[in-house]
Amino acid sequence: MRGKKQPMLAKPQQAYKSMRLFANRTLLATLSLTLASANILFVFVHPEKVDAAPVTYVASASATSGVGTSILINKPTGTVENDVLVATVAFVGSSGYTVSPPGGGGWTLIKDVSTSGYYPGKTYYKVAGSSEPASYTFTVSSSTNAGVGGIVSYRNVNTSSPIDGNSALASGSSSTHVAPATTTTASETRTVVIYNQSTVGTGLNMSWTATTPSTMSERVDTYGNFSTSYIGLGFYDISQNDAGAMATKTATSTRSSSYTAFQFALVPADPTRMLLYWDGGAAPSGWSFVSEANDKFIRGESPANYGLTGGAATHATTASVTVGPADTGSQGGVRGGTADSAATAHTHTATASIGSANNLPAYRTLRLMRFDAGIPNNIPAGAIALFDDSPGIIPPQFTRYSAQDGSFVRSASTSGSTGGSNTHTHTITWSSLAASAGEVRRTAPLFLNNSVASNAHTHNAPAATTTSTNGTSAADCEVEPVGDSCLPPYVNSILAKANEDTPTLSIGITAMFDADPGGGWVVRSDSGGSYYQKFMRGSASYDEVCGQLGIGDGTCGEAEHTHVNATTTSTNNNGGGSNALLGLGSVASPHNHVMTAAFNPANNIPEYYNVVVAEKINFIQHQYRWFVDSDLADVTDPWSSQDIPQNTAITVVPVANDAPRANRELRLRTQILVGNNDLAANGIEFKLQYKLGTDGLCTTGSWQDIGDPGSGLPWRYAASSVANGADLNAFPSRINSPTSNVMQIYVKDAGAGTNPRAVSVGQYAEYDFHIMHNGADGSSRYSFRMVEDSGILLSQYDSCPTLVAFPDTEDQLRHGNFFENGLGETGFSWSD
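Numbers 1016 to 1847, taken from the numbering used here, label the letters of the sequence shown in order.
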């Protein structure tokens, strides 16, 4: 019976033996190439959402001490602000001794492991600040014979409430140490298990070794052995995806002695959630509406001020009112006797009340929705996102949303409603003029002196008037000098609607969030950013400055506005008097006064809801190349004797290296092109994923993270003498078309650390992943891709590294004859 093995559907590790077909090397090469091009149907499920980013391990440090009252432990390498440090210390001494954390505060007790008859010790946590010391000193109240301690740093931990499922403390005397079971209430946690062991005696000159509990990663394994005392510490962890039971965890020591053991979980930080606009009915699956934003305009702000509200639906203003002098001529004299004379100078005072006006610019409503689980890969069809002028195109999966052009975005429970205005007026109600402070004189021909007429007269209040801001149209509001714009500060934003579910976060996309979304994004609404305290208005082109013909400072909108001066004229005179000497009547003649209202600035800010606006950094997986592992940070031998070129899958089984077969190690150099925004140093962490399948695409199929060393996954990171996260800067680029501009790190652990170097727009950064074949399906095609540590896909995949796994060919029985590794009889055989 002849044939070839068909790749299986994507599946977990099988618990049964499969029947396999084998051939000699020449046939295997043909078989591999045939599989690579076969048109075979695979069924994949694309996840609808990305879970909250899990807690990740950063680094650890440990120390021991002899006789004394303290122990000094270094800060784990790579610890940054908001990482959570878990420190555990223990001493050989009296149960009455007490342990204290370093001075300066910040350390919170997790568990007191001091046990009567054993030793004093404690476990603490601390949230790393912006400036941490290089080391920490823990003290004990009296001198002890020996001490041991360790500090482990973790990232993406909830800094306000990091501990969940803190178990009881187990203690006893045995070589088997069992941490009691407990439960967690949060998902995506990291279980931490800590064991301590000690004894007091003479002539103890031996080490302590704990067997790593099944599937857990060892972070600290150290001991102190000083004359008559010995103490050991074991620190392990493992991720736990779902909330619920945490089973007992067991470690085995080479020595039976006093011990303590307990476990707890580190809770991940609350996920930063993406927000987008929506103009349909019910929210898509996994999304919910932000009802607290309804009837408010959406405004960009710094992450610390997300969700804050302010502004007002209406605004009032005030004005200073002045009254001009009386006009002259016949309207300014005093009538009486036989002659007229001009009025002497006199003044009046007046006031005016000013009505409020609507503060809402012309708007159109949209619904604001958030992704409940954090940041998705998949933008759902119908969702509306923002785009700017970098790279200056709208991706083909989106259509520009022109319905919003010229309108500010206002959140509401329904979309498509319009209202507001870019112009407004205030009604001015004038008061009557108060009594004059001057006097009016007349000349009488029968007497040598002038007579004084009454100066007590009033004017009736003029009719109410209205006033508008400078300009009378919406267009005028956009070109006014500083302080005179009708519109609040805004950004002309390109809105675009997804035509379909998108497989990745599209290049050039800008979205809203409820916190800083992290290193894969650049916050544009922080202080100094283009969206800082600015509203969003739909437009056919992106513009954060406006630049209207050089008028004013070119800013889009203003926080305040003013109005042109309002004027009116008083015309009615109802005053009069008499000649004081002769008693002849004299009346002040009619005259006018001009009244002017000079307006004070008024607030221009409508009711708002703050969001964080951030633009996605475009990460593009560009070139790759396979290398033979040399157990060095640098690699020089491209895979196989055929010197396989870059961007080429391993499909021909190489004679010299006989791989990729079970237990073989591979080095994968990958290259990322950074587009549209610079990537700051220590900004983001990447990880490697794999899938079984023949399509060779990096955005479809069922993907799995490469497992940590020691895990049972088909592909896992390899154990080596090279430190995880080793800096590649001293080594040249091994991808040469194009040559990488920035060398980053060597990776053999999912928690490899962030990028040590900044990468500018247009530069290529190179990473080195050290992986191991751990029982992957033989004669099957595997693809590999880089993703952000949170699981977010890169913006684009120009290539997708692939290989065909080698089918193991141990000695097989065929017609009574053996053959092995291309020697002896060749052909096919069945193996159970």
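Every residue, glycine too, gets a C-beta built ideally from N, C-alpha and C.
DSSP three-state label for S1272, please.
In this structure, S1272 counts as strand in the three-state DSSP scheme.
For L1100 and R1170, what's the separation of their Cα atoms in angstroms?
Whole-angstrom Cα-Cα distance: 9 angstroms.
Is it a yes or a no for the region 1704-1718 touching the region 1611-1620, going by three-plus beta-carbon pairs under 8 angstroms?
Verdict: no, contact absent.
Could you tell me how far apart the beta carbons of S1075 and G1164 are, in whole angstroms, since I believe they sit closer than 8 angstroms?
No, S1075 and G1164 are not in contact; Cβ-Cβ is about 11 angstroms, not under 8 angstroms.
Quick one: using the 10 Å Cβ neighbour count with 16 as the cut-off for buried, is A1383 buried or exposed?
The sequence as given places Leu at residue 1383; Ala does not occur at that position. Buried.
Keeping to the same chain, check which residues put their C-beta closer than 6 angstroms to that of G1344; ignore five residues upstream and five downstream.
In this prediction, G1344 has a pLDDT of 42, which is less than 50 and means its spatial position is unreliable; what the coordinates show is noted afterwards. Around G1344: no qualifying Cβ.
In this structure, what does DSSP give as the bridge partners for L1248?
Answer is N1211 and T1237.
Count the other CB atoms within 10 Å of the CB of A1745; is the residue buried (16 or more) or exposed (fewer)?
Exposed, since its Cβ has fewer than 16 Cβ neighbours within 10 Å.
What are the partner residues of F1386, as DSSP defines its beta bridges?
Beta-bridge pairing links F1386 to W1302.
Return helix, strand or coil for G1344, following the three-state DSSP convention.
Confidence is the limiting factor: at G1344 the pLDDT is only 42, short of 50, which leaves the residue's position unreliable and the question unanswerable from this model.
Take the Cβ of P1822 as the centre, count every other Cβ of all protein chains shown within 10 Å, and call the residue buried at 16 or more, exposed below.
P1822 should be labelled buried.
My guess is that T1442 and G1523 are in contact by the Cβ rule of under 8 angstroms, so how many angstroms apart are they, rounded?
Not confirmed; about 47 angstroms, so no contact.
Over what stretch of residues does the beta strand (DSSP E) that includes T1817 continue unbroken?
Here the beta strand (DSSP E) through T1817 covers T1817 to V1819.
Quick test of your reading: Y1292 and V1424, contact by CB under 8 angstroms. State the CB separation rounded to the nearest angstrom.
Indeed they touch by this definition, with Cβ atoms about 7 angstroms apart.
Report all residues from its chain with a CB closer than 7 angstroms to the CB of T1200; omit the five preceding and five following residues, and keep chain order.
The answer, listed in chain order, is D1179 and A1258.
Based on the DSSP output, what are the partners of R1749 in its beta bridges?
Answer by DSSP bridge pairing: none, since R1749 is not bridged.
Tell me the DSSP secondary structure of N1607 in three-state form.
Coil, per DSSP.
Could you tell me the distance, in whole angstroms, from the CA atom of L1323 to the CA atom of K1311?
If you take the alpha carbons of L1323 and K1311, they lie about 11 angstroms apart.
Who does R1800 pair with in a DSSP beta bridge?
According to DSSP, R1800 bridges with Q1704.
Which one of T1429, G1247 and S1500 has the shortest CA to CA distance from N1309?
Comparing Cα-Cα distances from N1309 to each of T1429, G1247 and S1500, the minimum goes to T1429.
Can you tell me whether I1687 is buried or exposed? The criterion is at least 16 other CB atoms within 10 Å of its CB, across all chains shown.
Per the 10 Å Cβ criterion, buried.
State the Cα-Cα distance for the pair V1193 and A1276, rounded to the nearest angstrom.
Answer to the nearest angstrom: the Cα atoms are 6 angstroms apart.
Should A1143 go down as buried or exposed, given a rule of 16 or more other Cβ atoms within 10 Å for buried?
Label assigned to A1143: buried.
Near P1318, which residues of its chain fall below 6 angstroms by C-beta distance, leaving aside the five closest residues on each side in sequence?
Excluding sequence neighbours, P1318 sits near A1530, D1531 and V1627.
DSSP state of N1320, grouped into three classes?
Three-state result, N1320: helix.
For N1618, which residues does DSSP report across the bridge?
The partner list for N1618 (beta bridge, DSSP) reads E1575.
Under 8 angstroms between the Cβ atoms of I1848 and Y1151?
Residue 1848 cannot be examined here, being either before or after the span of the chain that is shown, 1016 to 1847.
Using a 10 Å radius around the Cβ and a threshold of 16 neighbouring Cβ atoms, would you call T1754 buried or exposed?
Looking at its Cβ environment, which holds fewer than 16 other Cβ atoms inside 10 Å, T1754 is exposed.
The beta strand (DSSP E) spanning I1088 covers which residue range?
That run of the beta strand (DSSP E) goes G1083 to N1089.
What's the gap between the Cα of C1501 and the Cα of A1327?
Distance between the alpha carbons of C1501 and A1327: 15 angstroms.
Return the chain-ordered list of same chain residues with a C-beta closer than 7 angstroms to the C-beta of L1375, the five sequence neighbours on each side being excluded.
Counting only Cβ-Cβ distances below 7 angstroms, and skipping sequence neighbours, we find A1328, G1434, G1435 and P1621.
Which value, in whole angstroms, describes the spacing of the CA atoms of G1740 and F1784?
For G1740 and F1784, the distance between alpha carbons rounds to 10 angstroms.
Buried or exposed, going by whether 16 or more other CB atoms sit within 10 Å of the CB of N1751?
So N1751 ends up on the exposed side.
Apart from the five residues just before and just after D1644, which ones in its own chain have a Cβ nearer than 6 angstroms to its Cβ?
E1680 and R1682.
Under the rule that 16 or more other beta-carbon atoms within 10 Å means buried, what is S1306, buried or exposed?
Exposed is the call here.
By Cβ distance, which residues of its chain are closer than 6 angstroms to S1189, with the 5 residues on each side in sequence left out?
If we look at S1189 and ignore the five residues flanking it on each side, its Cβ neighbours are S1271.
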